[in-house]
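**Student:** Residues 10 to 263 (the working numbering) make up the sequence shown, in order.
In this text, a Cβ means the ideal position worked out from N, Cα and C, and glycines have one as well.
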Amino acid sequence: ALRLWDDAKAFTGFLGEAALSFATLATGRARFRKIDLWLNIQECGPSAVPIVTLISLLVGLILAFVGAVQLALFGAQIYIADLVALGMLREMGALMTAIIMAGRTGAAFAAQLGTMNVNQEISALRVMGFAPLEFLVLPRMLALILVMPVLCLYANLLGIIGGGMITIGFFDVSVTQYLNRTQEAAHLTDLAVGLAKCTVFGVLIAIAGCMRGMQCGRSASAVGDAATSAVVTSIVLIVVSDSIITLICDRLGI
Numbered sequence: 010a011l012r013l014w015d016d017a018k019a020f021t022g023f024l025g026e027a028a029l030s031f032a033t034l035a036t037g038r039a040r041f042r043k044i045d046l047w048l049n050i051q052e053c054g055p056s057a058v059p060i061v062t063l064i065s066l067l068v069g070l071i072l073a074f075v076g077a078v079q080l081a082l083f084g085a086q087i088y089i090a091d092l093v094a095l096g097m098l099r100e101m102g103a104l105m106t107a108i109i110m111a112g113r114t115g116a117a118f119a120a121q122l123g124t125m126n127v128n129q130e131i132s133a134l135r136v137m138g139f140a141p142l143e144f145l146v147l148p149r150m151l152a153l154i155l156v157m158p159v160l161c162l163y164a165n166l167l168g169i170i171g172g173g174m175i176t177i178g179f180f181d182v183s184v185t186q187y188l189n190r191t192q193e194a195a196h197l198t199d200l201a202v203g204l205a206k207c208t209v210f211g212v213l214i215a216i217a218g219c220m221r222g223m224q225c226g227r228s229a230s231a232v233g234d235a236a237t238s239a240v241v242t243s244i245v246l247i248v249v250s251d252s253i254i255t256l257i258c259d260r261l262g263i
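Written out as structure tokens, the structure is:
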């Protein structure tokens with residue numbers, strides 16, 4: 010319980026410092042290299058496309074198949090499109106993208122900053138007058154904030170295509186019927202909810218990864234422990250925040 014309390018305090022403090030860094034960025038006084046931002050966007054975005062493609066397609070297939078088994082009992086196969094569209098847009102697209110990025114990018118951030126901490130590079134930055142949160146954390150956080158909604162859109166599209174492959178191929182639904190039902194079921198509000206979730210997840214993944222990296226000790230196993238802890242922390246934060254956002258949307262009727 011004490012460890013959990015300490016982690017909560019550390020996360021809240023780090024979140025506050027990150028917010029101050031964003032305020033500094035808004036005033037145009039943040040100091041970080043623009044090339045770092047572009048390199049992080051490249052690492053978080055295009056490099057993640059293959060795994061996002063595979064997972065999203067399979068999630069769409071699974072959603073369609075699991076739903077179809079029950080809906081087919083009532084002759085309601087046409088509503089598989091509704092299930093897949095709403096499931097991907099509101100929940101699974103954002104959630105699966107976030108979990109992929111937590112395991113891939115969150116761990117990478119922790120390992121990078123952990124290695125810098127072991128080599129005392131972060132201490133050297135402080136000595137030279139650079140704020141580590143601005144110079145190291147801010148470009149990583151901005152990269153995930155920019156990339157996550159794009160990957161979420163891509164995951165949604167792939168999931169709907171995967172669901173269509175099952176629905177059209179095995180359950181006597183035409184391409185036109187599937188597309189029409191998808192269009193009728195999905196609304197911009199559903200898409201907006203998914204994108205908002207994904208943006209929040211991106212911030213949490215970046216904060217968890219960078220926080221664990223900067224907390225890294227200087228032993229031989231510290232970097233590996235930091236990467237593992239970053240993934241666990243990210244996934245817990247993703248699930249908790251997803252539950253909270255879902256409840257808020259339900260209360261607001263969104």
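#1: So Met137 packs on Ile131, CB below 8 Å; how close in whole Å?
#2: Determine whether the beta carbon atoms of Ala195 and Ala57 lie at a separation below 8 Å.
#3: Between Gly218 and Ala116, is the Cβ-Cβ spacing less than 8 Å?
#4: Here's the rule: buried if 16 or more other CB atoms are within 10 angstroms of the residue's CB, otherwise exposed. What is Ala119?
#5: Using a threshold of 8 Å, state whether the C-beta atoms of Gly102 and Ala164 are closer than that.
#6: Helix, strand or coil, according to DSSP, for Asn128 in the structure here?
#7: Can the beta-carbon of Ala107 be found closer than 8 Å to that of Ile247?
#8: Note down the Cα distance separating Met220 from Asp16, rounded to an integer number of angstroms.
#9: Please work out which residues of its chain come closer than 7 Å, Cβ to Cβ, to Leu151, disregarding the five sequence neighbours upstream and downstream, and give them in chain order.
#10: Buried or exposed: where does Lys18 fall if 16 or more other Cβ atoms within 10 Å of its Cβ makes it buried?
#11: What residue range is occupied by the uninterrupted alpha helix (DSSP H) comprising Ser65?
#12: Report the option in Ala85, Ala235 and Asn49 whose CA atom is closest to the CA atom of Met223.
#13: Evaluate Leu198 with the Cβ neighbour count: other Cβ atoms within 10 Å of its Cβ, from every protein chain shown; 16 or more gives buried, anything less gives exposed.
#14: Using 8 Å as the threshold, is the C-beta distance between Leu167 and Gly96 below it?
#15: Kindly provide the ranges of any alpha helix (DSSP H) runs that are 4 or more residues long and lie completely inside the stretch 102-157, ordered along the chain.
#16: Output the boundary residues of the alpha helix (DSSP H) element that contains Glu100.
#17: Closer than 8 Å by C-beta to Thr62: which residues in its own chain qualify, once you throw out the five before and the five after it? Chain order, please.
#18: What does the alpha-carbon distance come out to for the pair Val240 and Gly112?
#19: Could you tell me which of Ser238, Gln186, Arg260 and Thr114 sits nearest to Arg12, measuring between CA atoms?
#20: Count the other CB atoms, across all protein chains shown, that sit within 10 Å of the CB of Lys206; report buried if there are 16 or more and exposed otherwise.
#21: If we count the other Cβ atoms within 10 Å of its Cβ and call it buried at 16 or more, is Val182 buried or exposed?
**Tutor:** With the structure as the only source:
#1: Taking 8 Å as the upper bound for CB-CB distance, Met137 and Ile131 are not in contact here, some 11 Å apart.
#2: Against a cut-off of 8 Å, the Cβ pair of Ala57 and Ala195 comes out as no contact.
#3: Yes; because the gap between Cβ atoms is below 8 Å, this pair is in contact.
#4: It counts as buried.
#5: Going by C-beta atoms, Gly102 is nearer than 8 Å to Ala164.
#6: It is coil, neither helix nor strand.
#7: If you check the CB distance, Ala107 and Ile247 come in under 8 Å.
#8: Taking the straight line from one Cα to the other gives about 10 Å.
#9: Its chain contains Leu46 as the residues whose beta carbon lies nearer than 7 Å to that of Leu151, once the 5 sequence neighbours on both sides are disregarded; these appear in chain order.
#10: It counts as exposed.
#11: Per DSSP, Ser65 belongs to the alpha helix (DSSP H) from Val58 to Leu80.
#12: Per the C-alpha coordinates, the member of Ala85, Ala235 and Asn49 positioned closest to Met223 is Ala235.
#13: Correcting the residue type first, residue 198 is Thr in the shown sequence and not Leu. That one is exposed.
#14: For the pair Leu167 and Gly96, the CB atoms are not nearer than the 8 Å cut-off.
#15: Every unbroken stretch of the alpha helix (DSSP H) spanning 4 or more residues and falling wholly within the stretch 102-157 is given here in chain order: 102-110, 116-127 and 130-136.
#16: Taken as a continuous stretch (DSSP letters only), Glu100 belongs to no alpha helix (DSSP H), as it is neither H nor E.
#17: Around Thr62: Tyr163 and Leu167.
#18: Just so you know, the alpha carbons of Val240 and Gly112 end up roughly 6 Å apart.
#19: Taking each of Ser238, Gln186, Arg260 and Thr114 in turn and checking the Cα distance to Arg12, the smallest one comes out for Ser238.
#20: So Lys206 counts as buried.
#21: Per the 10 Å Cβ criterion, buried.
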